[in-house]
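Colleague:
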Amino acid sequence: MAATKLKSCLAAWLALALFWPAAAWGGPALKRILAENQLRVGTSGDYPPLTAKGPDGKLIGLDPDLAALLAERLGVRLKLVQVPAGRLLKALEAGEVDLAISALTITLRDNLRVVFVGPYLASGQTLLTSAQVGEGLKALADVDRPEFSLAVARGSSGEEVARQMMPKAKILTQDSMQGALQMLLAGKVKAVIADYPFCALAVFQHREAKLGLLEKPFTYEPLGIALAQGDPEFVNLLRNYLLLMQGSGRLDLLRQNWLKREPWMRLLPR
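In case it helps, this note's numbering puts the sequence shown at residues 35 to 304.
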């Protein structure tokens, strides 16, 4: 069984290696990438374990790893550009980056502005709060009231979900998820709405705060790679990249490394 799986992985990566020369006839983004020998990928750096900054200031996480493997297969240098979550789509539209790989939820609204390829991961929004506050929450109606304060990252899926599902709550926006979390830890809000991986990490990192979260996310959010419109060849290349990453088992290895193992947490600043 192991030998069969190994052969399948090798076959998939051989197909991937043979695929890349075709990129020479690509659209405007691909031509620039190959001409400058550089792939620019925007990521926020504030959604661990998907995208974060290590103690040395370098961007780490599943998303940077996914970008690094793509650059490797293209035979070009990778330039990771830290861009706030709320500016990622604008950065794409302005040509500041070639791709955005940053825990971006595929939504129809954003799809009107950019192209999404994927999903490469499924996530969901959940509620992070203190154990004391959580004990008094029995239903969504307990959160959807004017006296209940929520912190969210500006322009994030968490903000969109909060405004749609909890319109009566007091919603406070911050520049990043870390900023929203700090408001919760300081007692300035009662809860945070964010991606499940981020909330689970917060519980682990701040055990003294006795935080808790909804174990089952209340939304389904497919995460995709975003790129500017008007480059069908690049879209085709990325689709094949994810297809072959999945078929070779490399995508599953990335998920296991960043979502199911804890050693990477030592790489995060304390």
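Heads up, the beta-carbon is just placed ideally off N, CA and C, and yes, glycines get one too.
From which residue to which residue does the alpha helix (DSSP H) around residue 90 run?
Modeller: Unbroken run through residue 90: none, as it is neither H nor E.
Colleague: With a threshold of 16 other CB atoms inside 10 Å of the CB of residue 220, please say whether the residue is buried or exposed.
Modeller: Exposed.
Colleague: CB-CB under 7 Å to residue 153, same chain, minus the five flanking residues each way: which ones, in chain order?
Modeller: Only 140, 256, 257, 258 meet the Cβ criterion.
Colleague: Does the distance from the C-beta atom of residue 245 to that of residue 164 stay below 8 Å?
Modeller: Yes, the pair counts as a contact, with Cβ atoms nearer than the cut-off.
Colleague: Please state the DSSP three-state secondary structure of residue 116.
Modeller: In this structure, residue 116 counts as strand in the three-state DSSP scheme.
Colleague: Could you check how far apart the C-beta atoms of residue 123 and residue 260 are, in whole angstroms? I think they sit under 8 Å.
Modeller: Indeed, because the Cβ distance is near 7 Å, the residues count as touching under 8 Å.
Colleague: Could you give the residue range of the beta strand (DSSP E) that holds residue 164?
Modeller: Run containing residue 164: 159-164, per the beta strand (DSSP E) assignment.
Colleague: If you count every other CB in all the chains shown that lies within 10 Å of the CB of residue 150, and 16 or more means buried, which is it?
Modeller: When all chains shown are included, residue 150 counts as buried.
Colleague: In the structure shown, what three-state DSSP assignment does residue 148 receive?
Modeller: Coil at residue 148, not helix or strand.
Colleague: With burial defined as no fewer than 16 other Cβ atoms inside 10 Å of the residue's Cβ, what is the status of residue 294: buried or exposed?
Modeller: Under this definition residue 294 is an exposed residue.
Colleague: Determine the extent of the beta strand (DSSP E) in which residue 183 is found, giving its start and end residues.
Modeller: 183-187 is the span of the beta strand (DSSP E), which, as asked, contains residue 183.
Colleague: Tell me, which residues are paired with residue 256 by DSSP?
Modeller: Note: residue 256 sits in a beta bridge opposite 156.
Colleague: Can you tell me which of the three DSSP states residue 295 falls into?
Modeller: DSSP places residue 295 in coil when its eight states are reduced to three.
Colleague: Can you tell me which of the three DSSP states residue 80 falls into?
Modeller: Residue 80 falls in the strand class under three-state DSSP.
Colleague: For residue 76 and residue 131, what's the separation of their Cα atoms in angstroms?
Modeller: Cα to Cα, residue 76 sits roughly 6 Å from residue 131.
Colleague: If we call anything under 8 Å between Cβ atoms a contact, is residue 218 one with residue 204?
Modeller: Not closer than 8 Å, so no.
Colleague: Residue range of the beta strand (DSSP E) that residue 67 falls in?
Modeller: Run containing residue 67: none in the beta strand (DSSP E); it sits in the alpha helix (DSSP H), 62-70.
Colleague: Provide the residue span of the alpha helix (DSSP H) that contains residue 226, from first to last.
Modeller: No alpha helix (DSSP H) contains residue 226, which is instead part of the beta strand (DSSP E) from 225-229.
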